[in-house]
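The opening residue of the sequence shown carries number 38 in our numbering; numbering runs sequentially from there. Heads up, the thing below is written out as structure tokens.
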Amino acid sequence: MKTINCIIVDDEPLALDLLESYIKKTPFLHLVSRCTNAFEAIEQINNSPVDLIFLDIHMPELSGLEFSRTLSKEHRVIFTTAYEKYALEGFKVDALDYLLKPFNYEEFLKAANKAAEWFEKTKATANTPLPYIYVKSEYKLIKINLDHILYIEGLKDYVKIFIVDKNKPVLTLMSLKLLEQQLPHEIFMRIHRSYIINLNYIEQVERNQVVIKNTRISIADIYKESFLRHIASRSVNP
Numbered sequence: 038m039k040t041i042n043c044i045i046v047d048d049e050p051l052a053l054d055l056l057e058s059y060i061k062k063t064p065f066l067h068l069v070s071r072c073t074n075a076f077e078a079i080e081q082i083n084n085s086p087v088d089l090i091f092l093d094i095h096m097p098e099l100s101g102l103e104f105s106r107t108l109s110k111e112h113r114v115i116f117t118t119a120y121e122k123y124a125l126e127g128f129k130v131d132a133l134d135y136l137l138k139p140f141n142y143e144e145f146l147k148a149a150n151k152a153a154e155w156f157e158k159t160k161a162t163a164n165t166p167l168p169y170i171y172v173k174s175e176y177k178l179i180k181i182n183l184d185h186i187l188y189i190e191g192l193k194d195y196v197k198i199f200i201v202d203k204n205k206p207v208l209t210l211m212s213l214k215l216l217e218q219q220l221p222h223e224i225f226m227r228i229h230r231s232y233i234i235n236l237n238y239i240e241q242v243e244r245n246q247v248v249i250k251n252t253r254i255s256i257a258d259i260y261k262e263s264f265l266r267h268i269a270s271r272s273v274n275p
């Protein structure tokens with residue numbers, strides 16, 4: 038079963054503590070962060086791999102419902118609230134489930150299992166990604182085979198795509214996050230705020246860096262755990 042990276046968003050410390058304890062009891066959930074408001078959650082999502090959000094609805098400044106409408110399809114929500122009247126609105130924004138406070142671990146686990154089933158089903162039914170992409174560069178559309186990409190570097194509003202046997206990277210106007218969403222995650226992984234790598238081209242890992250074609254790329258702390266899990270799953274130990 039896929040490990041689901043999740044965050045908790047709630048302005049009540051006791052609610053955060055309870056959800057954290059439930060997540061730690063659940064083997065297929067990994068807690069990335071606790072957030073006390075939607076703005077902290079936005080920052081966390083922009084800097085870490087997040088699949089599932091346990092989201093309180095009634096929060097100051099930006100409510101859980103308002104925040105959920107800003108999320109991309111890759112992020113799924115389980116609402117947590119003390120107000121039953123919000124249940125219908127929660128499902129209108131395509132929430133996976135709705136937990137009414139106070140809830141116990143059995144209720145939590147039922148919702149978590151529903152999320153796990155959704156992610157497994159999505160993975161199983163996902164369309165096979167195209168073996169190539171087109172990017173606009175220097176007033177041209179350039180076709181790039183995905184298996185020829187070594188790594189990608191983000192530079193503010195641009196990305197540089199480094200390709201096998203090409204001395205010069207392809208420069209295109211695009212955000213690194215947007216490109217990350219288009220790439221197959223079983224091949225490409227973000228290991229730094231500014232870098233996505235092709236896992237097939239890693240030559241070695243040392244001192245919190247990967248080496249790809251004599252280029253050293255640092256592994257940022259926020260991506261280290263998921264990257265090391267990938268490496269461990271493919272390591273042969275004596």
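Positions of the beta carbon are idealized from the N, C-alpha and C atoms, including for glycine.
- Ranked by how close their Cα comes to the Cα of glutamate 143, the residues Asp93, Tyr59, Glu49 and Leu265 have Tyr59 in first place.
- Counting only the Cα atoms, lysine 61 lies some 12 Å from phenylalanine 145.
- DSSP places tyrosine 59 in the uninterrupted alpha helix (DSSP H) bounded by 50-62.
- Rounded to the nearest angstrom, the Cβ distance from isoleucine 115 to leucine 99 is 18 Å, too far for a contact under 8 Å.
- Uninterrupted beta strand (DSSP E) stretches at least 3 residues long and entirely within the region 214-263 occur at 225-229, 232-235, 241-243, 246-249 and 252-255, given in chain order.
- Annotation for isoleucine 41: the continuous beta strand (DSSP E) segment containing it runs 41-46.
- Just so you know, the alpha carbons of glycine 101 and proline 86 end up roughly 20 Å apart.
- Cβ-Cβ separation between arginine 227 and glutamate 240: approximately 19 Å, too far for a contact (criterion under 8 Å).
- Below 8 Å, too few C-beta pairs join the region 174-184 and the region 86-97 to call them touching: fewer than three.
- Per the C-alpha coordinates, the member of Val46, Gly191, Lys110 and Leu208 positioned closest to phenylalanine 76 is Val46.
- The continuous beta strand (DSSP E) containing isoleucine 189 extends over residues 186-192.
- In the three-state reduction of the DSSP assignment, tyrosine 169 falls in the strand class.
- If you draw a 10 Å sphere on the C-beta of asparagine 235, you find 16 or more other C-beta atoms in it, and that means buried.
- For tyrosine 169, the number of other beta carbons within 10 angstroms of its own is below 16, and it is reported as exposed.
- Contiguous alpha helix (DSSP H) elements confined to the region 56-101 occur at 75-84, taking only those with 4 or more residues.
- Counting along the chain, the unbroken beta strand (DSSP E) around valine 207 starts and ends at 207-210.
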